[in-house]
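First to last, the sequence lines map onto chains A and B. Note that the working numbering has the first sequence beginning at 985, numbered continuously upward. Note that the working numbering has the second sequence beginning at 985, numbered continuously upward. Every residue, glycine too, gets a C-beta built ideally from N, C-alpha and C. The model shown is predicted, which means the values in this text are computed figures rather than measured ones. Data first, discussion second: the structure below is written as structure tokens.
Protein chains: 2
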Amino acid sequence: MAKVTDSKEKTLIAAAKLFRRQGFHGTALQDILAAGGAPRGSLYFHFPGGKEEIGEAALTMAGEATRQGIARVAEASESAEIFLTRMARHMAADLDASGFKEGCPIATTALETSAQSEVLCAATREAFQKWEHEIARGLQRFGMTAEEAGPIATTVLSQLEGALLMARTYRSLEPMQRAEQALKLLLRAK
Amino acid sequence: MAKVTDSKEKTLIAAAKLFRRQGFHGTALQDILAAGGAPRGSLYFHFPGGKEEIGEAALTMAGEATRQGIARVAEASESAEIFLTRMARHMAADLDASGFKEGCPIATTALETSAQSEVLCAATREAFQKWEHEIARGLQRFGMTAEEAGPIATTVLSQLEGALLMARTYRSLEPMQRAEQALKLLLRAK
């Protein structure tokens, strides 16, 4: 059974990477098969719902990995400012290391499918909500109340998402560096 | 000739709307033909480069329309705060009126094609840069120096882009309302 689970997981990891780089519609089932190395039969066995089912599972997996990453950064930080700065720098480092190919793991699919697939829209919504919640929890570690932390977490995430989009498009880290400064100002002004 | 130009323009307007709602890869040439009402032959006549050429022209057109919109809002505003607030509200109103189907006109295609098409990536990059420049120009109308306005314009745009993405995914205007508050704090804290 371990081998079967392996092949399922490999497929999801390959799919998540492709969706991150080129979006949901830009990725064919054939691309996922080629990248994940799974035989076509195993793909239909694990995901009878086809590409949409793979999409849902891959987005959920990628969303959960990012949520855990946010929690780890919060736990290892000494202040709210260090927490937000490190989060921005992790994202910038991922983008840079991938040659500006890997920005937000779910934003492309979120925008593509929002008006087209209730299943995929719900998966991206749940991931964003988890991240917001984790950012708010992180801010509360450093003395913010829940009432303060909620709205700030929303604006922190939207600032970072927008900056990742611009940085990817510009192929420059400058929008991420400016976002980092904006997050510091937001913390001080709140 | 007027009729020919009309058919070219109608095709671009239809294409821009489809790319805005469902992205570049999620839109087939057939969808553009059906929505624009142009005969297939006229499409190949006007856009011998096919879908990528239509994409480039449609993104450039949509980018220029938004740039003009930003300039108009700046000219009609009495302060930097009113300018940024109105810009956020215009975007939120468009999203709301479309049943959360019409967010940023170019973000979906920007993310989808960034790693795949130099032509489309360049078209989205130029549009974002024009918007940033127009926001910076607007801020300078209200007394900001060019040195201050540049970095703030980047963070204003990334805040709004990220909030539009989240608002679309959540099907809620709350991220836009929170972004509006964040923009006010950024202006005061700068």
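- By the beta-carbon neighbour count (other beta carbons within 10 angstroms, threshold 16), proline 1159/A is buried.
- Around the C-beta of tyrosine 1154/B, 16 or more other C-beta atoms lie within 10 Å, and the residue is accordingly described as buried.
- Between isoleucine 1119/B and leucine 1043/B a beta carbon distance of about 19 Å is seen, past the 8 Å cut, so the two are scored as non-contacting.
- A Cβ-Cβ contact shorter than 9 Å links phenylalanine 1003/A with alanine 1046/A.
- Nearest Cα to phenylalanine 1126/A within the set Gly1025/A, Gln1006/A and Val1057/A: Val1057/A.
- Below the 9 Å Cβ cutoff, chain B contributes Ser1098 and Ala1099 as neighbours of lysine 1085/A, in chain order.
- Per DSSP, the unbroken alpha helix (DSSP H) holding proline 1135/B starts and ends at 1130-1154.
- At a cut-off of 9 Å between beta-carbon atoms, threonine 1139/A makes contact with chain B.
- Judged by DSSP secondary structure, isoleucine 1066/B falls within the alpha helix (DSSP H) whose first and last residues are 1064-1081.
- The contact set of glycine 1127/A on chain B, defined by CB atoms closer than 8 Å, is empty, because the minimum CB distance reaches about 18 Å.
- Against glutamate 1145/B, the close residues of chain A are Ser1142, Glu1145, Gly1146, Ala1147, Leu1149 and Met1150, in the order they occur along the chain (beta-carbon pairs closer than 9 Å).
- Contact note: threonine 1108/B reaches chain A through Thr1153, using a C-beta cutoff of 8 Å and chain order.
- For histidine 1117/A, the uninterrupted alpha helix (DSSP H) segment begins and ends at 1102-1125.
- For alanine 1042/A, there are no C-beta contacts with chain B under 7 Å, since the nearest C-beta of that chain is about 16 Å from it.
- Nearest CB-CB separation between arginine 1070/A and chain B: not below the 9 Å threshold.
- Proximity of the segment 1093-1107 of chain B to the segment 994-1013 of chain A meets the contact definition, three or more beta-carbon pairs being nearer than 8 Å.
- Comparing alpha carbon positions, the residue from Leu1141/A, Leu1079/A and Val1103/A closest to alanine 1041/A is Val1103/A.
- Under the 10 Å beta carbon count, serine 1142/B is surrounded by 16 or more other beta carbons and is classified as buried.
- Rounded to the nearest angstrom, the gap between the Cα atoms of proline 1023/B and threonine 995/B is 10 Å.
- The C-alpha of leucine 1079/B is placed about 7 Å away from the C-alpha of arginine 1152/B.
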